[in-house]
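In the numbering used here, the protein residues as written are 84 to 201. Beta carbons are placed, not taken as given, at the ideal position from N, Cα and C, and that holds for glycine. All values reported here derive from a predicted model rather than from experimental measurement. To keep things clear, I will list the structure first and then write my remarks on it.
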Amino acid sequence: QVELAESGGGLVQAGGSLRLSCVFYGRTFSSYVLGWFRQASGKERELVAQITPGASTYEADSVKGRFTLSRDNAGNLVYLQMNSLKPEDTGIYYCAAKHLSTSDFSYWGQGTQVTVSS
């Protein structure tokens, strides 16, 4: 069973930065794609960024150039560096994982709140 634990959320002013971390437990980290999703109040959860075991990344257009995703395969960690934050980045951020052989993210963390004030 895979378990994920996020940390690093908080309150920041617009233009500021935060780094989210996610620790992966329970299976072979290098066999999983890791992703960050976010859910704003009243909106559906959306994919922000994802990274493959080989470190290929995808970022949503809304965060491209501002957010950077990286992973530490030795430490079973994935990071989301968020710069130039905007109020519309506010939401609960979830770390998620899917095995390379599957199409859907199957494992989810509890989420961490990010609030960007204007």
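Per DSSP, residue i forms a beta bridge with which residues?
| i | result |
| --- | --- |
| GLY174 | VAL197 |
| ASP155 | LEU160 |
| GLN122 | ILE175 |
| LYS181 | VAL116 |
Out of the options, state which residue places its alpha-carbon closest to the alpha-carbon of residue i.
| i | options | result |
| --- | --- | --- |
| LEU103 | PHE188, GLU171 and ASN166 | ASN166 |
| ASN156 | GLY91, VAL95 and THR111 | THR111 |
| SER184 | LEU101, THR135 and SER100 | THR135 |
| HIS182 | SER201, ASP172, ASP144 and TYR115 | TYR115 |
| ALA179 | TYR108, VAL95, GLN96 and LEU101 | TYR108 |
| VAL95 | LYS147, GLU171 and TRP191 | GLU171 |
Determine the extent of the beta strand (DSSP E) in which residue i is found, giving its start and end residues.
| i | result |
| --- | --- |
| PHE112 | Taken as a continuous stretch (DSSP letters only), PHE112 belongs to no beta strand (DSSP E), as it is neither H nor E. |
| GLU278 | The structure shown has nothing for residue 278, since the chain only spans 84 to 201. |
| VAL95 | 93-96 |
Using the beta-carbon count (16 or more within 10 Å), is residue i buried or exposed?
| i | result |
| --- | --- |
| GLY92 | buried |
| GLN196 | exposed |
Run the proximity test for residue i: is its beta-carbon closer than 7 Å to any non-hydrogen atom belonging to the ligand GDP?
| i | result |
| --- | --- |
| THR198 | Questions concerning the ligand GDP fall outside what the structure shown contains, since it holds no ligand whatsoever. |
Taking contact to mean 3 or more Cβ pairs, one atom from each stretch, closer than 8 Å, check whether the region 84-103 and the region 127-140 are in contact. no
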